[in-house]
Amino acid sequence: MSVASALLLIMGCTFLILAALGIVRMPDLYIRMSAASKALTLGVGLLALGLAIHMPDAGVITRAILLIVLFLLKAPVAAHALGRAAYLDGVPLWEATIVDEMRDRDLRTGKANGEVALAAEGQAGEDGSCTPER
Amino acid sequence: MTVIEICFGMLCLAMFLAFIRLAIGPSTPDRVVALDLLAVIAVGMIIVYSVATSLAVFLDAAIVLALVGFAGTVAFSRYIERRSGSR
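Residue numbers (my numbering), protein chains in the order written: chain A, 1 to 134; chain B, 1001 to 1087.
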């Protein structure tokens, strides 16, 4: 095994551990998903790259590229779908969150709720309570 | 200790941490995220095993597992979204 592929494998495993650590330690579902989806994409990408360097064969390289592209495509889509579903389900945000752009909007369409919502938007940054309203 | 053994140890640690979140996760989406991470770590394990044995056939299993994990996550999120709309 070459030094480059060994290094890439170790780095990939490190990033997967960081993703798992983020999922355990972060305070909030949305921050957890943010930490996990980025770190695991990089981790699996590095592992696939290490594999492609270890076995430089046309089939292996094609599959490694396919894996990397697959993860680059699937991680944001899955995180977006799950984050939206969690917000609609009323999973609370972390109490230190300061930006919640969906707070005064209609949860289904994403449009602002007219004048009342605009008036409430003015003071949204001050009170800091950002739990989704049901 | 070879690189392969170190990699397997690190992946086992990552899987253990993901299992912690799967066990304690307060809401359903938390558990879905942990399950998705478990599938991805399993893909990583398959890749490392493929390096250890120098056999490329395991990569097909890794690709299929990644696709199934993605489909599972999206299906769970549709299910959670529909459940939130009914109440």
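We treat Cβ as the ideally placed atom computed from N, Cα and C, and that holds for glycine.
When you compare the CB of V1074 of chain B with every CB in chain A, is at least one pair closer than 8 Å?
Closer than 8 Å to the CB of V1074 of chain B there is at least one CB belonging to chain A.
E1005 of chain B at chain A interface by Cβ criterion, 8 Å:
By this cut-off, E1005 of chain B is not an interface position.
Name, please, each residue of chain B whose Cβ falls closer than 8 Å to the Cβ of V69 of chain A.
Ordered by position in chain B, no residue passes the 8 Å Cβ test against V69 of chain A, which lies about 11 Å from the chain.
Suppose the cutoff is 7 Å on Cβ atoms and the five residues either side in sequence are ignored; what does the same chain contact list for I31 of chain A look like?
Cβ neighbours of I31 of chain A within its own chain (closer than 7 Å, five residues either side excluded): W94.
Classify T41 of chain A as buried or exposed, calling it buried when 16 or more other Cβ atoms lie within 10 Å of its own Cβ.
With 16 or more other Cβ atoms within 10 Å, it is buried.
For R32 of chain A, three-class secondary structure by DSSP
R32 of chain A: helix per DSSP, three-state reduction.
Give the single residue among A:R84, A:P27, A:L46 whose Cα lies nearest to the Cα of A4 of chain A.
Closest by C-alpha distance to A4 of chain A, out of A:R84, A:P27, A:L46, is A:L46.
What is the rounded straight-line gap between the Cα of F1076 of chain B and the Cα of I65 of chain A?
Here the C-alpha atom of F1076 of chain B lies approximately 27 Å from the C-alpha atom of I65 of chain A.
Rounded to a whole number of angstroms, what is the C-alpha to C-alpha distance between A1062 of chain B and A1042 of chain B?
Each residue's alpha carbon lies about 8 Å from the other.
Would you say the segment 59 to 77 of chain A touches the segment 18 to 31 of chain A, given that touching needs at least three Cβ pairs under 8 Å?
Verdict: no, contact absent.
Assumed close pair A85 of chain A, P1026 of chain B - CB separation to whole angstroms, cut-off 8 Å:
Contact between A85 of chain A and P1026 of chain B is absent: CB atoms are separated by about 16 Å, not below the 8 Å threshold.
What number of angstroms, rounded off, separates the C-alpha of T1034 of chain B from the C-alpha of C1007 of chain B?
The sequence given here has Ala at residue 1034 of chain B, not Thr. As the crow flies, the alpha-carbon of A1034 of chain B is around 20 Å from that of C1007 of chain B.
Nearest to F1016 of chain B by CA position, among A:A20, A:P92, A:F15, A:T14, is which residue?
Of A:A20, A:P92, A:F15, A:T14, the smallest CA-CA separation from F1016 of chain B is found for A:A20.
Of the residues A:R103, A:E101, A:R105, A:T97, the one placed nearest L29 of chain A, counting alpha carbons only:
Of the candidates A:R103, A:E101, A:R105, A:T97, the one whose C-alpha sits nearest the C-alpha of L29 of chain A is A:T97.
Which listed residue (B:F1058, B:D1060, B:R1083, B:L1038) has its alpha carbon closest to that of R1021 of chain B
When only C-alpha atoms are compared, the closest one is B:L1038.
In three-state DSSP terms, what is R105 of chain A?
Strand at R105 of chain A.
If you count every other CB in all the chains shown that lies within 10 Å of the CB of L73 of chain A, and 16 or more means buried, which is it?
L73 of chain A counts as exposed, since fewer than 16 other beta carbons sit within 10 angstroms of its beta carbon.
Coarse secondary structure for I1047 of chain B, derived from DSSP in three states:
The answer is helix: DSSP assigns I1047 of chain B an H, G or I state.
Mapping DSSP to helix, strand and coil, what is D57 of chain A?
D57 of chain A falls in the coil class under three-state DSSP.
Find out if the Cβ-Cβ distance for the pair L9 of chain A, V1040 of chain B is shorter than 8 Å.
It is not a contact, given that the beta carbons lie outside the stated cut-off.
Helix, strand or coil for L93 of chain A? Go by DSSP, reduced to three states.
It is coil, neither helix nor strand.
CB contact below 8 Å: I65 of chain A versus chain B
No, its Cβ sits nowhere closer than 8 Å to a Cβ of chain B.
Does A1023 of chain B get closer than 8 Å to chain A when you measure Cβ to Cβ?
No - not a single Cβ of chain A is within 8 Å of the one on A1023 of chain B.
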